[in-house]
Amino acid sequence: MNHAKLKAIAREYGTPVFVVDHDVIRSNYRAFKKHLPRVQAYYAVKANSAPEIVRTLYKIGASFDVASMPEFKLVYDNIRHLPAKERQDFIWDKIIYAHPIKANQTLIELDQYKPLVTYDNYEEIRKIRKYAPHAGLVLRIKVPNTGAMVELSSKFGADPGEAVKLIKAAHDAGLTVEGISFHVGSQTTNFQNYVQALQVASGIFREAWSRGFDKMIQLDIGGGFPAPYDENVRPFKELAATLNAEFDRLFPKKVAILAEPGRYMIATAGTAVAEVIGKADRDGKRCYYINDGVYHTYSGIIFDHCKYPVKAFKKGPTQICSVFGPTCDALDTIGLAEQLPELKLGDLVYSENIGAYSAASSTYFNGFPPAKVVHINM
Ligand SMILES: *Cc1c(COP(=O)(O)O)cnc(C)c1O
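Structure below.
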């Protein structure tokens with residue numbers, strides 16, 4: 021993001037400030053569509069649930085992946101006033117409830133919308149039959165998450181060997197299973213995870229069709245599309261070419277393909293700007309204290325296993341510094357090896373590519389509120 025613009029925003033709104041550039045969101049969405057023309061993108065709202073982001077993505081044609089009732093309502097309330105087809109189609113087209121485990125109360129509230137929901141076990145079939153009998157189902161399977169930055173396969177996903185039994189069980193309970201979903205792990209730079217998952221999914225489709233489950237027509241390839249945090253991440257174009265070849269090889273045209281990109285859509289659209297509020301030399305190392313940290317916009321360091329290099333607007337020879345957040349907790353450490361020039365109190369620092377899983381899990385810990393959020397180019 022443009023430096024002068026970031027500094028002007030920090031001056032106008034104060035710090036810490038979290039800037040979301042909607043031009044970048046739109047360009048990420050367009051690149052996704054362009055390179056994966058067969059795939060409808062359901063933005064995973066948990067990556068950053070600002071309603072402004074939902075509206076921008078809706079306007080350019082995105083659908084949404086939600087995983088809680090508040091997320092469902094957030095999307096529903098921000099899009100439903102816009103032109104809709106028949107309600108059931110509209111919801112299935114625009115929202116998937118992609119959490120395999122849902123509380124009874126959530127199912128009760130969801131049922132009126134005839135939602136599309138994921139499941140991965142027998143207990144969930146019983147719950148859905150009882151509390152959300154109008155839901156359509158998508159079976160989440162477990163696939164290799166090798167090398168992903170955030171692993172998900174230990175928490176969710178039916179064993180592929182059990183898949184057809186679970187489809188039959190839902191069918192026997194009077195429910196309709198419409199497809200298969202998986203998640204290869206977040207920030208997946210090992211593209212073979214997708215290839216393996218697609219092969220497993222294709223085998224399950226074939227077996228299900230041969231058993232007469234011909235309502236199975238949706239393939240949900242989940243999230244995991246990597247953001248370009250560093251030069252080791254191979255271009256999205258390359259991943260897309262691999263995926264497109266596998267789609268054509270393994271899935272007949274009757275299979276509708278959807279994906280749930282979270283990080284990919286939003287990571288590069290967010291920039292955090294903070295201010296140096298303290299400075300000390302400890303054990304021969306320069307330490308800067310800034311007014312944003314891991315309980316706030318930098319929360320992804322903890323929850324997302326992510327790194328966000330801290331940069332200064334100021335030029336000059338750099339040294340290796342520690343950068344800490346504002347709270348009393350030593351865990352509130354942004355980096356122990358940041359390359360920064362000599363900074364004064366009041367100088368601004370920033371981190372780029374911090375749009376995903378950052379502000380989303382900011383807290384009020386120690387009395388420090390989350391950074392202000394400023395949306396630009398809406
Ligand atoms: C978190 C999540 C996503 C988004 O994952 P990214 O790696 O951010 O793309 C998609 N689908 C489900 C079910 C998730 O839990």
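FYI, in the numbering used here the residues of the sequence shown are 21 to 398.
Every residue, glycine too, gets a C-beta built ideally from N, C-alpha and C.
Note that the structure is a prediction, hence the values are computed from the model and not measured.
| Check | Outcome |
| --- | --- |
| Using the beta-carbon count (16 or more within 10 Å), is Met169 buried or exposed? | buried |
| Three-state secondary structure (DSSP) at Glu198? | strand |
| Could you check if His203 belongs to the surroundings of ligand 1, using beta carbon to heavy atom distance under 7 Å? | yes |
| Can you name the start and end residues of the beta strand (DSSP E) that Pro361 belongs to? | Thr353 to Pro361 |
| Can you tell me which of Ala30, Ala24 and Asp41 puts its alpha carbon nearest to the alpha carbon of Gly375? | Asp41 |
| Taking the alpha-carbon positions, what's the Asp268 to Phe225 distance? | 15 Å |
| On the premise that Thr288 lies in contact with Val44, defined as a C-beta separation below 8 Å, what is that separation, rounded to the nearest angstrom? | 6 Å |
| Under the rule that 16 or more other beta-carbon atoms within 10 Å means buried, what is Tyr384, buried or exposed? | exposed |
| Which residue from Ala379, Gly387 and Phe388 puts its Cα closest to that of Val394? | Ala379 |
| One question on the structure: do Asp85 and Glu280 come within less than 8 Å of each other, judged by their Cβ atoms? | yes |
| Going by DSSP in three states, Tyr249 sits in which element: helix, strand or coil? | coil |
| Using a Cβ distance threshold of 8 Å, determine whether the stretch 215-224 contacts the stretch 197-206, with at least three qualifying pairs required. | yes |
| Is the CB-CB distance between Glu156 and Glu198 below 8 Å? | The question names Glu, but residue 156 is Gly in the sequence shown. Cβ atoms of Gly156 and Glu198: closer than 8 Å. |
| On a CA-only basis, which of Ile354, Phe344 and Val296 is nearest Phe333? Give me that one, please. | Val296 |
| Assuming Tyr370 and Gly345 make a contact with CB atoms under 8 Å, what is their CB distance in whole Å? | That pair is no contact at about 15 Å. |
| Can you give me the Cβ contacts of Ala27 inside the same chain, cut-off strictly under 7 Å, excluding the 5 residues immediately before and after it? | Note on identity: in this sequence residue 27 is Lys, with Ala being the wrong assignment. Hits under 7 Å: Phe333 and Leu368. |
| Could you spell out where the beta strand (DSSP E) holding Lys395 opens and where it closes? | Checking the displayed sequence, the identity of residue 395 turns out to be His instead of Lys. It spans Lys392 to Ile396 - the beta strand (DSSP E) in which His395 sits, taken as one unbroken run. |
| So, are the CB atoms of Ala87 and Lys54 less than 8 Å apart? | no |
| Do you know offhand how far Asp240's Cα is from Leu278's? | 5 Å |
| I need the straight-line Cα distance from Asp352 to Arg149, nearest angstrom please. | 45 Å |
| Do Cys341 and Asn386 have their C-beta atoms within less than 8 Å of each other? | no |
| According to the Cβ coordinates, are Gly244 and Thr208 closer than 8 Å? | yes |
| Is Pro281 near ligand 1 - that is, is its Cβ less than 7 Å away from at least one heavy atom of it? | yes |
| Taking only three categories from DSSP, how would you classify Leu365? | coil |
| Give me whichever residues DSSP pairs with Lys299 in a beta bridge. | Tyr308 |
| Return the first residue and the last residue of the beta strand (DSSP E) that Tyr214 is part of. | From DSSP, Tyr214 is part of no beta strand (DSSP E) but of the alpha helix (DSSP H) over Gln212 to Ser230. |
| Name the DSSP beta bridge partners of Tyr139, please? | Leu159 |
| Within the same chain, show all residues whose beta-carbon is closer than 6 Å to that of Pro164, passing over the 5 residues directly before and after it, in chain order. | Asn213 and Gln216 |
| Please identify the residue among Asp113, Lys147, Pro120 and Ile115 whose C-alpha is closest to the C-alpha of Ile128. | Lys147 |
| Which residue comes first and which comes last in the alpha helix (DSSP H) that contains Thr338? | First-last for Thr338: Thr338 to Phe344, but that is the beta strand (DSSP E), not the alpha helix (DSSP H). |
| Considering only the beta carbon of each residue, do Leu94 and Pro57 sit closer than 8 Å? | no |
| Please tell me whether Pro153 and Asp131 are closer than 8 Å, where the distance is taken between their beta carbons. | yes |
| Any heavy atom of ligand 1 closer than 7 Å to the CB of Gln207? | yes |
| In the DSSP output, what is Phe38 paired with across the bridge? | Ala292 and Val393 |
| Alpha carbon to alpha carbon, what distance is there between Ser319 and Asp303? | 26 Å |
| Sort out for me which residues DSSP pairs Lys331 with in a bridge. | Tyr370 |
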